[in-house]
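A.B. asks: One structure follows; several queries about it will come next.
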Amino acid sequence: MPVVSCLIFYRDLLTVNLLTMSTEILFVFLFSLAFLFVARKAAKRIGLVDKPNYRKRHQGLIPLVGGISVYAGLCFAFWISEQPIAHAKLYLTCAGILVFVGALDDRFDISVKIRALVQALVGIAMMVFAGLYLRSFGHVLGDWEMLLGPFGYLVTLFAVWAAINAFNMVDGIDGLLGGLSCVSFGALGLLLYLSGHHEMAFWCFAMIATIVPYILLNLGILGRRYKVFMGDAGSTLIGFTAIWLLLQSSQGKAHSINPVTALWIIAIPLMDMIAIMYRRLRKGMSPFSPDRQHIHHLIMRAGFTPRQAFVLITLAAALLAAVGVIGERLTFIPEWVMLALFLLAFFLYGYCIKRAWRVARYIKRIKRRLRRSGDNKQVP
């Protein structure tokens with residue numbers, strides 16, 4: 001009966017591990033929530049607030065402390081955790097630098113070049129000291145593994161920049177950045193936990209525990225007077241953490257997920273960034289210039305409220321992430337098939353964005369028909 005004894009021991013160990021992790025996650029959530037209430041008061045005193053203008057239609061001065069709260073919550077999570085997290089000090093140092101520079105940008109609007117330089121330096125530190133860089137794209141071309149060699153370092157720097165900007169660009173309506181982040185870290189955390197990498201899974205779930213308090217205040221669920229914004233400090237931290245975890249889980253011989261799965265995990269932010277930048281460049285504009293062509297603008301032009309747009313986009317991201325999770329777990333599905341499906345989804349997304357007004361009119365027409373059919377049913 002030694003096999004049965006081993007299975008019982010493993011089950012009990014897994015139960016204890018899950019219980020311990022859940023308790024730690026709860027403490028991280030409570031700490032982050034309490035920190036937010038304290039930080040928002042301090043932010044108002046030092047002027048770390050977002051002011052309404054022609055692009056920002058909120059009312060009053062909103063504290064930009066969501067990112068600082070997420071970082072503080074992560075520091076607390078790493079401190080109380082029993083999980084041996086690799087390169088934790090290096091990550092917290094790199095993330096702390098990004099949050100500090102992001103907070104300075106939120107307060108004083110520093111140059112894009114300075115921010116890009118800091119992001120590049122942090123990316124280099126990640127590659128040199130943690131050994132995290134894109135070595136391979138996996139078997140996306142069939143049996144042949146697509147190795148990058150020395151070009152992997154340059155591609156990694158671009159990936160760091162892309163991830164940070166992708167999450168920054170979706171921070172356009174209340175709750176959206178938080179919702180999409182929770183989807184990405186939730187999907188990755190699930191895959192890591194199922195593959196036995198509990199320390200990295202804890203990291204993902206801790207990210208969610210630090211973001212949920214922000215969502216509650218950002219959406220005004222705990223009262224509109226407690227509203228906060230994430231700020232560039234937060235979107236930068238989230239993007240950097242996402243690329244760090246994706247590299248750590250998808251690269252190397254003992255990788256937990258296939259590289260192509262990473263695309264599905266951050267699908268909506270990635271697709272939105274690429275599509276928007278392509279449109280801006282075609283018009284001769286700077287890829288960083290603001291406009292109202294993001295996916296949430298498209299959905300709101302179709303007659304949905306910002307809250308409805310937040311829910312719809314988050315559900316779409318969850319659906320795409322679920323496709324990635326299922327494709328990862330069903331090992332008989334080749335990586336090139338998952339890449340082909342992702343490119344198909346991206347093509348459909350780009351088609352809808354390119355014909356935004358036509359899609360908006362079509363959705364409005366459907367909504368009117370549904371409303372009329374509902375009214376007809378109510379007539380006795």
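Going by my numbering, the first residue of the sequence shown is number 1, and it counts up by one from there.
Here a beta-carbon is modelled for each residue, glycine too, at the ideal position from N, C-alpha and C.
The model shown is predicted, which means the values in this text are computed figures rather than measured ones.
#1: Kindly indicate the opening and closing residues of the alpha helix (DSSP H) around H297.
#2: With the cut-off set at 7 Å, would you say L217 and L36 are in Cβ contact?
#3: Excluding the 5 residues preceding and the 5 following V140 in the sequence, name in chain order all residues of the same chain whose CB lies nearer than 7 Å to its CB.
#4: Could you give the distance in angstroms between the alpha-carbon of R355 and the alpha-carbon of F288?
#5: Could you tell me whether the stretch 249 to 257 touches the stretch 63 to 82, using the rule of 3 or more Cβ pairs below 8 Å?
#6: Report, in whole angstroms, the separation of the C-beta atoms of A233 and D106, which I expect to be a contact under 8 Å.
#7: Whose C-alpha, out of R372, Q119 and T331, is nearest the C-alpha of S195?
#8: CB-CB under 6 Å to S181, same chain, minus the five flanking residues each way: which ones, in chain order?
#9: Put I215 into one of helix, strand or coil per three-state DSSP.
#10: Cutting at 6 Å between CB atoms, please list the residues of its own chain near F129, excluding the five before and the five after it.
#11: Mind checking which residues open and close the alpha helix (DSSP H) that includes G60?
#12: Ordered along the chain, which non-local residues of its own chain (more than five positions away) have a Cβ less than 6 Å from that of Y193?
#13: Flag D106 as yes if its beta-carbon sits less than 7 Å from any beta-carbon of chain B, otherwise no.
#14: Would you identify the three-state DSSP class for R368, choosing helix, strand or coil?
#15: To the nearest angstrom, report how far apart D50 and I353 are at their CA atoms.
#16: Evaluate L13 with the Cβ neighbour count: other Cβ atoms within 10 Å of its Cβ, from every protein chain shown; 16 or more gives buried, anything less gives exposed.
#17: What is the DSSP secondary structure of V228, counted as helix, strand or coil?
#18: Restricting to runs no shorter than 4 residues, where is the alpha helix (DSSP H) found entirely within the stretch 137 to 204?
#19: Looking at V170: is its Cβ nearer than 7 Å to the Cβ of P269?
#20: According to DSSP, V128 sits in a beta bridge with which residue or residues?
#21: Any contact between the stretch 297 to 315 and the stretch 274 to 286? By contact I mean 3 or more CB pairs, one from each, below 8 Å.
#22: Tell me whether R115 is buried or exposed, calling it buried when 16 or more other Cβ atoms sit within 10 Å of its Cβ.
#23: How long is the line joining the alpha carbons of R11 and H198, rounded to whole angstroms?
#24: Going by DSSP in three states, D105 sits in which element: helix, strand or coil?
#25: Among the candidates G123, W144 and N168, whose CA atom is the shortest distance from the CA of V155?
#26: Is the Cβ-Cβ distance between V28 and A206 less than 7 Å?
#27: Answer with buried or exposed for V183, where buried requires no fewer than 16 other C-beta atoms within 10 angstroms of its C-beta.
#28: How would you call D174, buried or exposed, if buried means at least 16 neighbouring beta carbons within 10 angstroms?
#29: Can you grab the Cα-Cα spacing for the pair F185 / L148, in whole Å?
#30: What residue ranges within the stretch 29 to 99 form continuous beta strand (DSSP E) runs of no fewer than 3 residues, ordered along the chain?
#31: Out of L117, Y349, F137 and C94, which has the shortest C-alpha to C-alpha gap to I274?
#32: Relative to the C-alpha of F229, which candidate in A267, Y71, A316 and Y214 has its C-alpha closest?
#33: For I265 versus A321, is the C-beta spacing smaller than 7 Å?
C.D. replies: Based on what the coordinates show:
#1: I295 to R301
#2: yes
#3: M146, V260, E335, W336 and L339
#4: Take the alpha-carbon of R355 and the one of F288: they are about 21 Å apart.
#5: Under the three-pair Cβ rule at 8 Å, the stretch 249 to 257 does not count as touching the stretch 63 to 82.
#6: 6 Å
#7: T331
#8: Excluding sequence neighbours, S181 sits near I211 and I238.
#9: helix
#10: L90
#11: Under the DSSP assignment, G60 falls outside any alpha helix (DSSP H); it carries neither an H nor an E label.
#12: A201
#13: As a matter of chain content, chain B is missing from the structure shown, which is built from one protein chain.
#14: helix
#15: Each residue's Cα considered, the two are about 29 Å apart.
#16: With a pLDDT of 43 at L13, under the threshold of 50, the predicted position of this residue should be treated as unreliable, though the coordinate-derived value follows. Exposed, because fewer than 16 other Cβ atoms sit within 10 Å of the Cβ of L13.
#17: coil
#18: 151 to 169 and 176 to 194
#19: Going by C-beta atoms, V170 is nearer than 7 Å to P269.
#20: According to DSSP, which records beta bridges pairwise, V128 is partnered with nothing at all.
#21: Flag = no, the stretch 297 to 315 and the stretch 274 to 286 do not touch.
#22: So R115 ends up on the buried side.
#23: Unreliable placement is indicated for R11, whose pLDDT of 49 sits below 50; no coordinate value is reported for it.
#24: helix
#25: Nearest C-alpha to V155: G123.
#26: yes
#27: buried
#28: Counting Cβ neighbours within 10 Å, D174 comes out buried, since at least 16 surround it.
#29: Taking the Cα positions, F185 is about 26 Å away from L148.
#30: You should have found no qualifying run.
#31: Y349
#32: Nearest in C-alpha terms to F229, of all of A267, Y71, A316 and Y214, is Y214.
#33: Contact: yes.
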